[in-house]
Amino acid sequence: MRRYATTRLVQLVAIVFLISVLAFLLVHLLPGDPTVAILGPNDTPTARHELLAQLGLNHSLPLQYWTWLKNIVRGNLGASFLTKQTVTNAISVAAPIDLELIVVSQLMAFAVAIPLALVAARRPNKIFDRLATTSTFGLLSFPTFVVAVLLVLVFAVEFHLFPATGFVRLSQGLVGNLKSVLLPSIALAVGSVAVYFRLLRADLISTLQEDYVTMAKAKGLSTPYILVRHALRPSSFSLLAGAGISIGSLFTGAFVVEVLFQLPGIGYQLVTAINSRDYLMVQGMALVAAIAYVVINFVVDFLLTVLDPRVRHA
Amino acid sequence: MGMTDLRARRYDRRTFLATGAGAAAALAMAKVGSPPFLDARHTPGIGTGKPRRGGTITIGTTSEIDGFLPSQSHFDATGYVYANTVYDTLTRVAANGTARPYLAQSVTPNSDLTSWTITLRPGISFHDGSPLNAEVVVANLQAIRQSALSGQAVRPWSSVQAAGDLQLVIDCDRPLVSLPVALATQIGYIVSMAQLDSNDTQHPVGTGPFKYVSWTPNDQFVVERNPAYWRSGLPYLDGITFKPIIIDTSREASLRSGTIDLMVTFDPYTFTDLRNNPNFQVVSDLGQKTGQPTMGFVCLNTTAAPLSDLTVRQALAHATNSKELVKLFGAGVTPVSSSLFPVGSPYRPAHNGYPAYDLRKAKQLVARAAPRHGGSVNVALGTVPDPRQIEIFQAIQNMWTQAGVNVTLSEVQQVTYIDNLVTGSFQAYADQQFTANDPDINYVWLSDTTASGPIALNFARNSDPQIEAALQLGRTHADPATRIEAYQTVDKLLARDIPYIWISRTVSMMGASNKVQNFANPTLPDGTKAEGFRGGAFNTSQIWLGA
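Line by line, the protein sequences give chains A and B. According to this note's numbering, the residues represented by the first sequence are 2 to 315, in order. According to this note's numbering, the residues represented by the second sequence are 1315 to 1861, in order.
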């Protein structure tokens, strides 16, 4: 176990290093000159020269990267060219939004998908299974932005139960906070429910055909007990792997929901920064999002080894 | 607002057709009377009864700004609203369109309008307690002069010097009629010496009705009442939270759900949703009789072939059916435009000679021009990636294609879009410009002196000495008749040169819940009515909450 963990940690560090290089180079691959965006009508040769020197853009790429890396280690990710907001501050504003959206939406998704899959897998191709499969397939075909707009129209505009936009921080009150994340979380959860249900249902059906399940039935154990205690754990590998990818991608993939609900999360800030060629903001946000993705998947891999010891020996 | 238009396009991805529609509908509503929920004497945006002090509101804005320093930051409509909240200008525009002293007690020219003496109101303090005096105002204006961004607007200024504790003099190298109006724009906001010295774009310290509390870009800007505000009794509200909500439907849903109390919009569909709803008030700047609104048009690069060929530009003008575009996309209420100036403006000539829609003539002109351009006329038409804007430009593409022009339509990211405009790396781009209280404020966008070089604020790069002469006449003569003739000449020359394919007038609107009072009815210190709402910008000091 220790060896497995060490190996994965070394891999993690290597991947994070590669991510840092890519995040650094990413901005240099963007079309156009960032100094033009920054200077706008002030773009005179003198002003441009001063800006290049100030930002270090006139140095070699390796030197720029080394300076950037040193600053990151010191917790200095720079500041936005446009708003002068520090990247660290922007991340501290954005990250809690994403974290809460992810936690709430994924809890919702699991809370719906797991019971649904357990019941559906119990009698495959019967009425409940078909209904659940068809319904989740239908959910998959609903784009997130459509779900988001419908939720706002019904629960915010019509019934005034939730705010239509904005994020209330936990420090400003639990109720307000939950109300502000509920609708966007539901919008994000809808797609996940469908995916998780289908992954878990398929694995459960397969598991329920195993000999040890037949044995359990022969011993007279109740079906719910067998499903939860004997079938669920060995059937959740695909679910967990899928959740790892899904959760990681939500760090930036929630962009549409963040824009519609005006939640300045990582995805929102990243796309805004890309559109305005906000050099350091793009680097910082991309770096954080990519590292979050890798770390989440590392944790998921680790959980998989806990669930199934065979994985660590594979 | 002239200097802000460049940046405004960055955030305001509203189609110029769309932006006009809502306000036009607002006018239509005004014609049919107030909504049934309101007292018959109640005009939306104008408070009734005695103002009430206290309470806070949340305002939804259309964009986020990049900072609060007038000499460095780009103020779009949202920037102006924020600035009006924490700063004051030296002058302010009255409802009749004239500039009135504001932080200044008086703004007095010499006999030939080449020297302006500004006397400041005594006893005004910044939020940090420091006094407003000539030294800090001179420092502000010098920062403006040194700024490559705003410096172009004050090129005629030859010096700015203090002439006493509360008096300063601006000398110009030529008569400058519009100086008082210019001091009501971005260049006239005065920030504290401390903010100026520290070059702080994030933490505004002004003399305005509200004080900065916090600003989290893309999230919210929070202000609280300035208890020491120099205008006695103002502001009425205890605080305001501004939330940039860039999607129109989200902003509208926020208003309708009560998440926000007041919003700005340029979207006609938002207007049509709100206008018949008895829970909301809607006002627009369409009914304004003074100044100049934003115009929506296609900007043609007159130095890029084939658009450097006047025949091609004439063909495109004849091929563009603005009325049909407005009918298709403006809900039938957007005012069509064929001029730099709106209908009713004294500067708009009765007939400017702008080419009318005539497809047959357009085809003839294309056929005539094609041999000079390798046998066909190929034009690259660009727009920002806004779904509605793209629809409109697909329609324009079809119109031009019918005339025989090969049109390539492309979507360009906003920042690249602006870069391309200022560097001339485009052929035909969607554009919105020219909001101003005085036509001279638009000098930099139209002048011969800014039409060339690597960076050109005259985006169309239309170099016409006759236009320059007329612009100079307008900026240096105070006689109204001379100015009218000068700017009518400019309009006629633009119609002749065709650097712009005029489409429609752009109109902005405000929507508010009924509890928000007096949001479009500010007054000046002497009690006269101030300009309430223009181009999405308004003043927050005299808003109060109804019972």
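Just so it is clear, CB atoms sit at the ideal spot from N, CA and C, and this is done for glycine as well.
Bridge partners - residue i, DSSP secondary structure assignment
i	result
B:I1432	B:V1421, B:L1482
B:F1852	B:F1847
B:R1819	B:M1609
B:Y1814	B:C1613
B:N1840	Looking at the sequence provided, one finds Asp at residue 1840 of chain B rather than Asn. Bridge partners of B:D1840: none, in fact.
B:W1544	Paired residues: none, contrary to the question.
B:Y1503	B:T1403
B:P1539	The sequence shown places Arg at residue 1539 of chain B, rather than the Pro named in the question. DSSP lists B:F1524 as partners of B:R1539.
B:M1824	B:V1578, B:V1597
B:F1556	B:I1373, B:F1535
Which listed residue (the options) has its alpha carbon closest to that of residue i
i	options	result
A:V147	A:G167, A:I267, A:P185, A:M216	A:P185
B:Q1481	B:L1493, B:Q1419, B:R1539	B:Q1419
B:F1611	B:A1462, B:L1695, B:A1834, B:I1379	B:L1695
A:S223	A:S136, A:R123, A:V17	A:R123
B:A1865	B:K1843, B:L1639, B:M1609	Nothing about residue 1865 of chain B can be reported from this structure: the residues present for chain B run from 1315 to 1861 only.
A:I402	A:L83, A:L119, A:S172	Chain A is shown from 2 up to 315; residue 402 of chain A falls before or after that span and cannot be answered.
B:G1859	B:G1359, B:F1585, B:I1360, B:G1368	The question names Gly, but residue 1859 of chain B in the sequence shown is Leu. Comparing Cα-Cα distances from B:L1859 to each of B:G1359, B:F1585, B:I1360, B:G1368, the minimum goes to B:G1368.
B:A1477	B:S1492, B:P1489, B:Q1509, B:S1429	B:S1429
B:P1741	B:P1660, B:F1773, B:A1717	For the sequence presented, residue 1741 of chain B should be read as Gln rather than Pro. Out of B:P1660, B:F1773, B:A1717, B:F1773 has the C-alpha closest to the C-alpha of B:Q1741.
B:N1666	B:I1755, B:D1672, B:R1810, B:P1649	B:R1810
A:G243	A:L27, A:Q270, A:T215, A:G192	A:G192
B:L1673	B:L1630, B:S1652, B:L1642	B:L1630
A:S1	A:S181, A:T215, A:Y294	Nothing can be reported for residue 1 of chain A: it is not among the residues displayed for chain A, which extend from 2 to 315.
A:A188	A:L240, A:L241, A:A110	A:A110
A:I16	A:Q65, A:Q107, A:V296, A:Y5	A:V296
B:F1833	B:D1762, B:Q1856, B:I1815, B:L1787	B:Q1856
Assigned exposure category for residue i - 16 Cβ within 10 Å defines buried
i	result
B:P1549	buried
B:A1337	Note that B:A1337 has pLDDT 33, beneath the 50 cutoff, so the model's placement of it is unreliable and the number below is only indicative. By the neighbour-count rule (16 or more Cβ atoms within 10 Å), B:A1337 is buried.
A:F129	exposed
B:R1848	buried
B:T1375	buried
B:S1822	buried
A:D212	exposed
B:G1841	exposed
B:Y1401	buried
B:M1507	buried
A:W67	exposed
B:G1547	exposed
B:T1820	buried
B:D1487	exposed
A:H161	exposed
B:A1770	buried
B:N1835	buried
B:K1557	buried
B:T1579	buried
A:V307	exposed
B:P1813	buried
A:F198	buried
B:T1634	buried
A:S142	exposed
B:F1351	In this prediction, B:F1351 has a pLDDT of 35, which is less than 50 and means its spatial position is unreliable; what the coordinates show is noted afterwards. Exposed is the call here.
Contacts that residue i makes with chain D (C-beta to C-beta distance below 9 Å)
i	result
B:K1557	Among the protein chains in the structure shown, which are A and B, there is no chain D.
Practice problem: Go through the region 1367 to 1425 of chain B residue by residue and report every complete run of the beta strand (DSSP E) that reaches 3 residues or more, in order. | Solution: 1370 to 1375, 1405 to 1407, 1413 to 1415, 1418 to 1423
Quiz item: Is the region 1792 to 1805 of chain B close to the region 1567 to 1576 of chain B, with three or more CB pairs under 8 Å?
Solution: no
Quiz item: How about the region 1562 to 1569 of chain B and the region 1381 to 1395 of chain B: do they share at least three Cβ pairs that are nearer than 8 Å?
Solution: no
Quiz item: What alpha helix (DSSP H) runs, 4 residues minimum, are completely inside the region 1584 to 1652 of chain B?
Solution: 1624 to 1633, 1636 to 1643
Quiz item: On the three-pair Cβ rule with 8 Å, is the region 245 to 263 of chain A touching the region 60 to 68 of chain A?
Solution: no
Quiz item: Is there contact between the region 1394 to 1404 of chain B and the region 1521 to 1535 of chain B, where contact requires at least three CB pairs shorter than 8 Å?
Solution: yes
Quiz item: What alpha helix (DSSP H) runs, 4 residues minimum, are completely inside the region 1687 to 1731 of chain B?
Solution: 1701 to 1716
Quiz prompt | Segments of 4+ residues assigned as alpha helix (DSSP H) that fall wholly inside the region 222 to 289 of chain A | solution = 233 to 236, 238 to 254, 256 to 261, 267 to 276
Quiz item: Using 8 Å as the threshold, is the region 1454 to 1469 of chain B in touch with the region 1526 to 1538 of chain B, meaning 3 or more CB pairs across them?
Solution: no
Practice problem: Tell me, please, whether the region 125 to 141 of chain A touches the region 165 to 179 of chain A by the rule of three or more beta-carbon pairs shorter than 8 Å. | Solution: no
Practice problem: Taking 8 Å as the threshold, find out whether the region 1777 to 1797 of chain B comes into contact with the region 1733 to 1748 of chain B through three or more Cβ pairs. | Solution: no
Quiz item: Counting Cβ pairs closer than 8 Å, one from the region 276 to 290 of chain A and one from the region 166 to 182 of chain A, do we hit at least three?
Solution: no
Quiz item: Can you find at least 3 beta carbon pairs, one from the region 1776 to 1786 of chain B and one from the region 1592 to 1605 of chain B, that sit closer than 8 Å?
Solution: no
Practice problem: Counting only runs of 4+ residues fully inside the region 1760 to 1787 of chain B, write out the alpha helix (DSSP H) ranges in chain order. | Solution: none
Self-check item: Inside the region 41 to 119 of chain A only - alpha helix (DSSP H) runs reaching at least 4 residues
Solution: 46 to 56, 62 to 74
Quiz prompt | Stretch-stretch touch, CB-based, cutoff 8 Å, three pairs: the region 1583 to 1594 of chain B with the region 1713 to 1730 of chain B | solution = no
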